[in-house]
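Chains as they are written, first to last, in this note's numbering: chain U, 1 to 224; chain Y, 225 to 448; chain Z, 449 to 672; chain H, 673 to 896.
Quick reminder that beta carbons are idealized off the backbone N, C-alpha and C, glycines included.
Note that the coordinates shown come from a computational prediction; the quantities given were computed from them, not determined experimentally.
Inspection log for the structure reproduced underneath, given as structure tokens.
4 protein chains.
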Amino acid sequence: MDVAEAKKSTQPHRSRAIQSLLRKQQLIGSTIECIDQFGLSQTTVAKIAQHARVSQGVVIFHFQTKDLLLEQVLRFLSKEYTDNWKSAIAVAGEAPIDKLCLIVMSAFSPKVCNRKNVGVWYAFWGASQSRPTYQEVCGQTDNEFSSTLLCLCTQLCKGVKTSVSAEVAAMAIEGMLDGLWQSCLFEEPKFSPKEANKTVFELMELMFPLQKNTIEDYKHSLKS
Amino acid sequence: MDVAEAKKSTQPHRSRAIQSLLRKQQLIGSTIECIDQFGLSQTTVAKIAQHARVSQGVVIFHFQTKDLLLEQVLRFLSKEYTDNWKSAIAVAGEAPIDKLCLIVMSAFSPKVCNRKNVGVWYAFWGASQSRPTYQEVCGQTDNEFSSTLLCLCTQLCKGVKTSVSAEVAAMAIEGMLDGLWQSCLFEEPKFSPKEANKTVFELMELMFPLQKNTIEDYKHSLKS
Amino acid sequence: MDVAEAKKSTQPHRSRAIQSLLRKQQLIGSTIECIDQFGLSQTTVAKIAQHARVSQGVVIFHFQTKDLLLEQVLRFLSKEYTDNWKSAIAVAGEAPIDKLCLIVMSAFSPKVCNRKNVGVWYAFWGASQSRPTYQEVCGQTDNEFSSTLLCLCTQLCKGVKTSVSAEVAAMAIEGMLDGLWQSCLFEEPKFSPKEANKTVFELMELMFPLQKNTIEDYKHSLKS
Amino acid sequence: MDVAEAKKSTQPHRSRAIQSLLRKQQLIGSTIECIDQFGLSQTTVAKIAQHARVSQGVVIFHFQTKDLLLEQVLRFLSKEYTDNWKSAIAVAGEAPIDKLCLIVMSAFSPKVCNRKNVGVWYAFWGASQSRPTYQEVCGQTDNEFSSTLLCLCTQLCKGVKTSVSAEVAAMAIEGMLDGLWQSCLFEEPKFSPKEANKTVFELMELMFPLQKNTIEDYKHSLKS
DNA sequence: GATGAATGAGCCTTCATTCAT
DNA sequence: GATGAATGAAGGCTCATTCAT
Chain U
1 MDVAEAKKST
11 QPHRSRAIQS
21 LLRKQQLIGS
31 TIECIDQFGL
41 SQTTVAKIAQ
51 HARVSQGVVI
61 FHFQTKDLLL
71 EQVLRFLSKE
81 YTDNWKSAIA
91 VAGEAPIDKL
101 CLIVMSAFSP
111 KVCNRKNVGV
121 WYAFWGASQS
131 RPTYQEVCGQ
141 TDNEFSSTLL
151 CLCTQLCKGV
161 KTSVSAEVAA
171 MAIEGMLDGL
181 WQSCLFEEPK
191 FSPKEANKTV
201 FELMELMFPL
211 QKNTIEDYKH
221 SLKS
Chain Y
225 MDVAEAKKST
235 QPHRSRAIQS
245 LLRKQQLIGS
255 TIECIDQFGL
265 SQTTVAKIAQ
275 HARVSQGVVI
285 FHFQTKDLLL
295 EQVLRFLSKE
305 YTDNWKSAIA
315 VAGEAPIDKL
325 CLIVMSAFSP
335 KVCNRKNVGV
345 WYAFWGASQS
355 RPTYQEVCGQ
365 TDNEFSSTLL
375 CLCTQLCKGV
385 KTSVSAEVAA
395 MAIEGMLDGL
405 WQSCLFEEPK
415 FSPKEANKTV
425 FELMELMFPL
435 QKNTIEDYKH
445 SLKS
Chain Z
449 MDVAEAKKST
459 QPHRSRAIQS
469 LLRKQQLIGS
479 TIECIDQFGL
489 SQTTVAKIAQ
499 HARVSQGVVI
509 FHFQTKDLLL
519 EQVLRFLSKE
529 YTDNWKSAIA
539 VAGEAPIDKL
549 CLIVMSAFSP
559 KVCNRKNVGV
569 WYAFWGASQS
579 RPTYQEVCGQ
589 TDNEFSSTLL
599 CLCTQLCKGV
609 KTSVSAEVAA
619 MAIEGMLDGL
629 WQSCLFEEPK
639 FSPKEANKTV
649 FELMELMFPL
659 QKNTIEDYKH
669 SLKS
Chain H
673 MDVAEAKKST
683 QPHRSRAIQS
693 LLRKQQLIGS
703 TIECIDQFGL
713 SQTTVAKIAQ
723 HARVSQGVVI
733 FHFQTKDLLL
743 EQVLRFLSKE
753 YTDNWKSAIA
763 VAGEAPIDKL
773 CLIVMSAFSP
783 KVCNRKNVGV
793 WYAFWGASQS
803 RPTYQEVCGQ
813 TDNEFSSTLL
823 CLCTQLCKGV
833 KTSVSAEVAA
843 MAIEGMLDGL
853 WQSCLFEEPK
863 FSPKEANKTV
873 FELMELMFPL
883 QKNTIEDYKH
893 SLKS
């Protein structure tokens with residue numbers, strides 16, 4: 001049940017359901033803030049409660065368990081990430097190259113490509129090694145993205161003998177996205193998101209020589 | 225001071241110094257084991273001591289603090305990783321393409337490309353967001369590798385107009401290594417290290433068309 | 449905020465505030481008991497909690513830190529001691545000799561002159577050498593008493609050439625109080641508090657010959 | 673066995689016995705230093721050993737137990753203190769007033785009246801409440817001094833009706849010594865030892881009017 | 001005799017969770 | 001529903017003492 005549903009629900013506890021959802025969202029937000037600030041292992045229920053200006057009891061009341069709260073946070077981030085590139089595809093035309101270019105561009109949108117979110121995501125990812133639940137969510141999120149990428153590359157490589165295989169192309173793009181993400185976030189950024197985006201497009205032009213013109217158009221659209 | 229130095233040191237407590245070093249190495253090993261098994265945040269001094277079959281006091285005695293121990297573990301992993309690709313360069317000839325190919329191959333050697341080490345490394349990396357010390361070590365390790373890669377790519381791209389820029393090439397390679405590492409380790413491996421290695425070589429052939437024959441030779445050497 | 453204030457505070461968590469204060473007082477009491485029984489350095493949070501029949505967490509919850517708790521205990525004793533002689537002055541008339549006599553008598557009241565309180569006070573005092581906070585509280589408490597004593601002696605010595613200076617008189621009285629305190633508490637008491645009190649009055653009669661009659665009256669009042 | 677005896681002991685381990693004694697003295701000295709610096713409860717075997725530049729094992733080897741070492745330290749301080757006033761008596765003539773004056777003066781000699789020694793002494797004294805051994809040593813040391821003082825006062829008061837009783841006189845003197853000690857040591861000293869000494873003599877002149885001239889002589893001897 | 005690594009009990013503190021109010 | 005006091009199980013660390021070298 002999300003906010004929209006909650007608002008629709010007729011009577012008399014409608015406001016209660018909404019309030020509960022808002023509270024949950026607030027707590028998820030506070031948790032993200034704390035993980036960003038203190039790190040995953042230093043994030044305590046007390047700190048979350050303090051940041052949200054509520055008592056510790058409230059946190060447990062809404063999520064039963066700290067672990068369950070963290071899982072919700074991870075799912076929230078996963079959905080935010082996935083929604084982002086899916087909505088990019090949605091507005092694209094049918095041509096695979098358009099979809100691919102828009103996916104790449106969406107990866108550098110400030111909505112997902114910002115220090116806080118990515119830092120928190122990596123924190124979960126680093127801990128996932130020993131947490132099956134995290135591993136599952138992280139893995140699934142990655143897989144969905146990877147297979148979409150591979151699917152698009154396969155269409156783009158069909159009948160083209162002069163370049164790399166679809167698998168290589170997909171991996172190269174995904175790898176670069178990861179690497180550039182890191183570069184954008186940590187350190188004093190060597191690249192702006194826009195520069196990073198252009199870098200990926202450059203590689204794509206090499207791998208998909210037939211689409212060079214289209215890619216070039218997207219590259220130019222970044223200038224504005 | 226490492227073991228070699230300790231052994232050379234003439235008297236009188238030579239054996240003491242060695243024993244102390246061995247104990248430290250043992251504890252670092254046990255710590256890696258525990259991080260792999262339980263995760264970074266669930267790794268306690270008690271578990272480390274138990275795994276090493278010593279008392280908790282010993283751990284503190286040799287490393288003063290749990291945090292200092294973890295830092296040593298991270299530095300150990302960092303050195304192991306860096307030594308690995310540096311020694312690969314050392315045996316290569318002068319030609320940049322040889323160095324690059326050997327670096328790539330070294331990245332898939334079982335010494336560093338194994339579930340345990342990489343999992344532990346990522347655990348530190350995920351926590352580095354809120355730990356300046358980790359961030360520094362991780363960052364420096366990465367930077368050294370990146371700049372070496374970029375340097376080699378720059379030499380390979382010099383005078384070649386038909387392909388991507390050196391920066392793009394270096395990023396693409398590094399990104400793929402990261403991505404393929406992940407793929408090799410987590411999940412039921414989609415690729416064997418050898419397959420992954422070939423995949424990288426394929427991309428390199430596209431980016432460095434003049435070196436195609438040399439790369440092909442290295443690719444074939446993988447079959448044995 | 450003390451209990452009185454807490455009780456006055458209108459709603460809504462009045463009882464909560466009171467309960468919290470009572471708990472703090474109880475814990476301070478238990479701590480004094482433990483210090484008396486085990487000594488300052490052997491007083492652990494566990495023992496305090498056990499004596500108060502609560503969990504260890506409660507102690508930390510209310511005082512954050514063992515050191516902070518001990519500081520509160522010291523301040524409590526300091527206030528108890530200071531309040532005692534100040535209220536003695538309050539009920540006295542204007543004449544300095546009356547105030548002085550009542551201060552001296554108050555020093556032997558069972559409220560402050562009992563084995564437990566004084567033992568605990570000396571424990572803090574002995575540790576104050578290396579604890580700036582203790583030193584400050586102890587010093588301030590002593591200073592306030594000393595200067596009051598000196599002030600009264602100065603008034604009593606004004607114009608009297610035949611005796612000692614005010615400084616000597618004040619020191620002699622304070623020194624005797626300290627010494628007699630010790631005697632009353634430790635060892636099998638050589639003197640009862642009443643005898644001790646008389647002894648101090650005897651010295652005062654010598655130092656303040658003009659007040660002999662008044663002092664004599666106070667001395668006789670001890671007999672009942 | 674002290675150093676003198678040890679040196680006399682013929683052969684062949686004479687030097688060993690001496691060395692052992694010197695080591696013990698060194699360790700006692702280091703312990704005093706540590707107590708002064710860190711406080712009694714923060715003085716650990718490790719710190720003592722470090723200060724003495726020996727290993728921890730040596731400390732235990734020579735004193736069996738930390739507690740036994742501390743006891744020796746206390747006895748050392750006690751003896752130093754007692755020896756000080758006893759040797760003062762030894763050089764005095766037969767007259768009680770001479771002995772008394774010299775005892776008082778010895779109390780302000782830098783040998784015993786220095787921040788470190790007195791601070792450490794009070795540290796033991798504060799802990800004695802819950803340590804029978806300390807209590808015994810401290811009590812005995814005090815008692816010996818008190819009774820000597822009382823004995824001298826008794827002789828001085830014999831046949832003198834105009835002043836206080838011997839008990840009061842003895843207590844007043846001892847109390848003032850304690851109080852002035854404190855004043856000399858802690859705080860920015862209100863009095864120099866010499867001023868303090870004079871203050872005690874002033875009180876004595878009042879209590880022993882027949883000895884006024886003699887006391888006056890001692891008082892003047894302080895000026896040089 | 002000396003060294004310092006090793007032990008293990010105990011200490012203070014943290015923290016997720018419970019529950020009376 | 002919300003609050004915050006209370007719980008109790010760890011956790012990291014200290015430290016006196018032991019003991020092989």
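Listed along chain H are L878, each with a C-beta nearer than 8 Å to that of S611 (chain Z).
Distance between I496 (chain Z) and D515 (chain Z), taken at the CA atoms: about 13 Å. When DSSP assignments are scanned along the region 572-616 of chain Z, the uninterrupted stretches of alpha helix (DSSP H) that are 4 or more residues long and fall wholly within it turn out to be 580-605. Chain U has no Cβ within less than 8 Å of the Cβ of W309 (chain Y). Excluding its 5 nearest sequence neighbours in each direction, T133 (chain U) has C-beta neighbours in its own chain below 7 Å: E71, listed in chain order. Residue-level contact check: F262 (chain Y) touches chain U, since one or more beta carbons of chain U fall below 8 Å from its beta carbon.
In the three-state scheme derived from DSSP, where H, G and I count as helix and E and B as strand, A767 (chain H) is classed as coil. Listed by position along chain Y, the residues whose Cβ is nearer than 7 Å to that of G119 (chain U) are Q353.
Around the beta-carbon of N869 (chain H), 16 or more other beta-carbon atoms lie within 10 Å, marking it buried. Sequence-distant partners of I28 (chain U) (beyond 5 residues in either direction) whose C-beta falls short of 8 Å from its own C-beta, in its chain, are L69, Q72, V73, F76. P209 (chain U) sits in a helix when the DSSP states are folded into three classes. Look at D178 (chain U): its C-beta is under 8 Å from a C-beta on chain Y. Chain-order list of chain U residues neighbouring L446 (chain Y): empty, with the shortest C-beta distance near 15 Å, by a criterion of under 9 Å. The shortest C-alpha to C-alpha distance from Y794 (chain H) to any of H:K833, H:K758, H:G851, H:S778 is the one to H:G851.
Judged by DSSP in its simplified three-state form, P865 (chain H) adopts helix. In the three-state DSSP reduction, R53 (chain U) falls in the coil class, being neither helix nor strand. The region 501-515 of chain Z makes no contact with the region 545-559 of chain Z, as fewer than three CB pairs between them are under 8 Å. CA-CA distance, I32 (chain U) to V45 (chain U), rounds to 12 Å. Using a CB distance cut-off of 8 Å, M171 (chain U) counts as an interface residue toward chain Y. The C-alpha of G175 (chain U) lies about 8 Å from the C-alpha of L401 (chain Y). Against chain U, the beta carbon of E440 (chain Y) has no neighbour under 7 Å; the closest one sits roughly 14 Å away. At a cut-off of 8 Å, the C-beta of G57 (chain U) has no neighbouring C-beta in chain Y. At a cut-off of 8 Å between beta carbons, V384 (chain Y) makes no contact with chain U. Rounded to whole angstroms, the separation of the alpha carbons of Q359 (chain Y) and Q280 (chain Y) is 28 Å. In the three-state reduction of the DSSP assignment, Q64 (chain U) falls in the coil class. Annotated three-state conformation of G263 (chain Y) is coil, per DSSP. Considering only Y:Q243, Y:D307, Y:G343, the residue with the shortest C-alpha distance to F369 (chain Y) is Y:D307. Here the alpha carbons of G487 (chain Z) and W757 (chain H) stand approximately 31 Å from one another. When only Cα atoms are considered, P209 (chain U) and A172 (chain U) end up about 15 Å apart. Counting the other Cβ atoms within 10 Å of the Cβ of T647 (chain Z) gives 16 or more, which makes it buried. Among the residues facing chain Z, G847 (chain H) is included, as its CB has a counterpart in that chain under 8 Å away. For K638 (chain Z), the closest alpha carbon among the candidates H:S819, H:M876, H:L828, H:H892 is that of H:S819. When the beta-carbon positions are compared, S468 (chain Z) and A500 (chain Z) stay at least 8 Å from each other. Contact with chain U is absent for G317 (chain Y), since none of that chain's Cβ atoms lies less than 8 Å from the residue's Cβ. In this structure, DSSP gives L670 (chain Z) a state outside helix and strand, which the three-state scheme calls coil. Neighbours of Y305 (chain Y) in chain U, taken as residues at a C-beta separation under 7 Å, are lacking, since the least C-beta distance is about 16 Å.
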